[in-house]
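Numbering (the UniProt record's numbering), first residue to last: 1 to 285.
Where a beta carbon is used, it is the ideal one built from N, C-alpha and C, also for glycine.
All values reported here derive from a predicted model rather than from experimental measurement.
So the structure is just underneath, and the comments pick up after that.
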């Protein structure tokens with residue numbers, strides 16, 4: 001029995017290696033105009049006939065496409081991701097979706113427009129074929145996504161990695177506020193923390209954006225969830241430090257909201273009081 005299992009394991013390993021070698025050989029042919037069409041046809045056939053064991057080596061091979069590779073190779077590797085989504089059952093593809101998405105998203109900034117278009121088509125195909133995996137409103141995923149983005153923004157702001165960071169965040173802020181107000185978004189406290197990070201990095205540095213963000217944060221002070229109220233108060237504090245010159249017109253409404261939460265029965269009451277004092281001090285300074 002042991003020898004039979006070992007033999008099957010060795011056979012499976014050789015099959016996987018054979019798939020990878022075959023795919024690599026075809027990928028090289030994609031770079032040659034004379035063999036491009038033939039290689040694309042063979043790769044499509046391999047993608048349609050993949051077994052469960054052959055998925056990982058196949059994905060590994062097509063995900064190895066580098067920016068220095070020729071355009072047909074980069075483009076067709078993305079088309080293969082679309083083909084996988086349509087050619088196999090959702091249960092077979094679902095375990096590999098993270099890797100497939102990662103391979104597609106690496107091409108978002110490709111200099112060739114046809115490659116970027118193939119990237120969009122690949123993500124669209126994955127979303128259409130596997131909606132529960134890519135569209136489901138999972139609270140844990142929302143929390144992780146919001147906090148990860150907040151950490152990335154904090155790091156970028158602290159190290160000045162991107163001189164245009166504030167500009168990009170100002171374009172993003174309205175979408176984040178809209179997402180926070182959506183009933184489908186469950187990770188309210190994490191999103192409020194993210195808005196604080198955006199504000200701290202200069203993402204709310206105009207009067208129209210403040211007019212959008214401040215009422216949203218003030219409304220969140222009355223949220224039923226204590227962690228959301230706390231995150232909203234902290235984000236307002238960050239906003240007061242960063243944009244104090246633009247916040248004078250919002251001072252009264254914000255302080256009134258802080259005052260109404262002064263006797264908060266859930267959580268630490270002194271937190272909102274300290275935040276209110278900080279907010280008022282910065283607006284008056």
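In the DSSP assignment, residue 60 falls within the unbroken alpha helix (DSSP H) covering 55 to 62.
In terms of Cβ geometry, residue 82 and residue 126 form a close pair [threshold 9 Å]. At a cut-off of 4 residues, the continuous stretches assigned as alpha helix (DSSP H) that sit fully inside the stretch 59 to 144 are 71 to 87, 90 to 93, 97 to 105, 113 to 129 and 131 to 135. Under a 10 Å Cβ-count criterion, residue 86 is classified as exposed, with fewer than 16 other Cβ atoms of the shown protein chains found around its own Cβ.
Closest in alpha carbon position to residue 65, among 152, 195, 237 and 79, is 79.
The shortest CA-to-CA distance from residue 195 to any of 158, 225 and 235 is the one to 235. Across the structure, residue 189 and residue 22 are spaced so that their CA atoms are roughly 49 Å apart. When secondary structure is reduced to three states using DSSP, residue 182 falls in the coil class, being assigned neither helix nor strand. Excluding sequence positions up to five before and after residue 76, its CB lies within less than 6 Å of the CB of 30 and 40, all in the same chain and listed in chain order. Residue 213 holds the alpha-carbon nearest to the alpha-carbon of residue 250 among 213, 61 and 84. Around residue 156, the same chain offers 162 and 165 as residues with beta carbons nearer than 6 Å, after the five sequence neighbours per side are excluded. Around residue 62, the same chain offers 77 and 80 as residues with beta carbons nearer than 6 Å, after the five sequence neighbours per side are excluded. In terms of CA proximity to residue 120, 108 leads the group 129, 182 and 108.
Secondary structure at residue 163: coil, using DSSP grouped into helix, strand and coil. Separation of the CB atoms of residue 152 and residue 92 is rounded to 33 Å, and the pair is thereby denied contact status at 8 Å.
The three-state reading of DSSP puts residue 35 in coil, since its state is none of H, G, I, E or B. Per DSSP, the unbroken alpha helix (DSSP H) holding residue 219 starts and ends at 207 to 220.
Here residue 187 carries a coil assignment [DSSP, helix/strand/coil]. Going by DSSP, residue 230 is part of the alpha helix (DSSP H) stretching over 226 to 242. Counting only residues of its own chain and dropping the five nearest sequence neighbours on each side, residue 42 has a CB closer than 7 Å to the CB of 26.
Residue 84 and residue 118 do not touch by the CB rule: their CB atoms are close to 14 Å apart, not below 8 Å.
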